[in-house]
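One structure below.
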Amino acid sequence: MYICISAICRAGLVFDGRVVIDPQFRTNDPFVFAAGSITKYSRKFQAKFFEHNHYNSIEIGEKLGKIIRKVVDVYQESKGRYNNFDRSKSCLLLPEFRSPIIVSCMLPGNFHYLHVDKPGQKLSRDVVVKQSLYGDVMVTGNCLSEIGYFRLHMNSRNVVESITCCSKKNFEIDHLITLYGKHDSMLNEVKYRFRNSLIVDFYSYFREPWAMALFYDRFECLRVENRATLLSRTSASGNSLVEDCLRALLRSEGEEISEKDRDLIRKKYIGSVYQQEIENSVVDFLQFSEEDLPIYCTPYFMRWLYHDITSSPLFCDE
190 MYICISAICR AGLVFDGRVV IDPQFRTNDP FVFAAGSITK YSRKFQAKFF
240 EHNHYNSIEI GEKLGKIIRK VVDVYQESKG RYNNFDRSKS CLLLPEFRSP
290 IIVSCMLPGN FHYLHVDKPG QKLSRDVVVK QSLYGDVMVT GNCLSEIGYF
340 RLHMNSRNVV ESITCCSKKN FEIDHLITLY GKHDSMLNEV KYRFRNSLIV
390 DFYSYFREPW AMALFYDRFE CLRVENRATL LSRTSASGNS LVEDCLRALL
440 RSEGEEISEK DRDLIRKKYI GSVYQQEIEN SVVDFLQFSE EDLPIYCTPY
490 FMRWLYHDIT SSPLFCDE
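In terms of the working numbering, the sequence shown opens at residue 190 and continues consecutively.
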């Protein structure tokens, strides 16, 4: 550790317990970049709770790579001459990191372990519980049971905030990681089913056919496309459906949305351009992915099935 600190100081870099950087990952030397747990933001940003050690290191590395790529491109465009860097013109907004913290390993005893958690510095559980922000925790099995341990934590907005798995049996790590950030409604009303004892094993539950689309690599593209549809306005003067939902949430002040607002949102969606566009988008997605997701019924499959039935000698058209 001493050798590392000594090298940093000899290089003329500002060291305040860690290497000091700005939001663009630059040290006091504009041509030296740094990132990760060895760094901290300058005190003028008051960003103690946003240090890199609280976030996904892969996501941090990707953002650093993009910044360095821009610097290299500017250097090449200027034919090897790079003007003096003006720090006053640099971005003062802290970068935003959203990817979850993921820990996956083999534990002694041949236990497969996975933990997926929300990024950022954690508040103490007592504080969160007192503010009614913690949400619900659902657990099936235990580490020594046949099915294995599976813990699913949903926050007060019914969004998956952490996943913990420990089992002697191998499980689909990549699939379970994608559950992070998903709403209860996307997980087939998992809270309702768990409370009514309809789920005894989360591993088996998320291997059921209905969940296959969630783990498909193009599913996120479908979500982004549908979100853009809901954010669009059907008329120049009207609000988008998402804006109407946000207004209803603000009026509810953290409580359940009133029945009046629910009816207004429902009437605006049912039979609207929104519904038509989203349904078309979902059908196109399923037809495009038919070979990878054969468990879903598409219009093409229905036509094929109907033709197969009508061509049968047992078919009788009354």
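Note that beta-carbon positions come from the ideal geometry of N, C-alpha and C, so glycine has one too.
C-alpha gap between residue i and residue j, whole angstroms
i	j	result
His243	Phe214	16 Å
Val305	Met295	15 Å
Gly309	Val431	27 Å
Val203	Ile194	10 Å
Ser293	Leu341	16 Å
Glu444	Ser356	38 Å
Arg199	Ser288	35 Å
Gly201	Glu378	56 Å
Asp452	Cys434	11 Å
Lys229	Gln235	10 Å
Ser267	Thr216	23 Å
Leu420	Tyr463	10 Å
Lys358	Pro297	14 Å
Tyr191	Val263	36 Å
Asp450	Glu442	13 Å
Lys252	Tyr495	52 Å
Phe477	Trp493	16 Å
Leu281	Val261	21 Å
Arg314	His364	28 Å
Phe383	Tyr489	35 Å
Proximity of residue i and residue j at Cβ, strictly below 8 Å
i	j	result
Cys354	Gly337	yes
Phe222	Leu283	no
Ser231	Asp218	no
Val572	Ile197	This structure cannot speak to residue 572, because the chain is shown only from 190 to 507.
Thr418	Glu466	yes
Ile484	Met401	yes
Gly225	Ile247	no
Pro339	Phe391	Before going on, a small fix: residue 339 reads as Phe here, not Pro. Cβ atoms of Phe339 and Phe391: closer than 8 Å.
Asp373	Asn415	no
Tyr405	Asp481	yes
Ile366	Ile291	yes
Leu368	Ser345	no
Ile362	Leu303	yes
Thr329	Ile388	yes
Arg422	Ser429	yes
Met343	Lys380	yes
Neighbour flag for residue i against chain C, beta carbons, 8 Å
i	result
Leu202	Among the chains in the structure shown there is no chain C, since it carries only a single protein chain.
Assigned exposure category for residue i - 16 Cβ within 10 Å defines buried
i	result
His241	buried
Glu350	buried
Gly206	exposed
Phe220	exposed
Leu438	exposed
Ala425	Any answer about Ala425 is weak, because its pLDDT of 47 lies below 50 and its placement is not dependable; what the coordinates show is given next. Flag for Ala425 reads exposed.
Phe286	buried
Leu475	buried
Per DSSP, the bridge partner or partners of residue i
i	result
Met491	BP columns for Met491 are empty, so no partner.
Met327	Leu341
Thr353	His304 and Arg340
Leu296	Phe300
Taking 8 Å as the threshold, find out whether the segment 467-483 comes into contact with the segment 396-416 through three or more Cβ pairs. yes
Are three or more beta carbon pairs between the segment 456-463 and the segment 386-396 nearer than 8 Å? no
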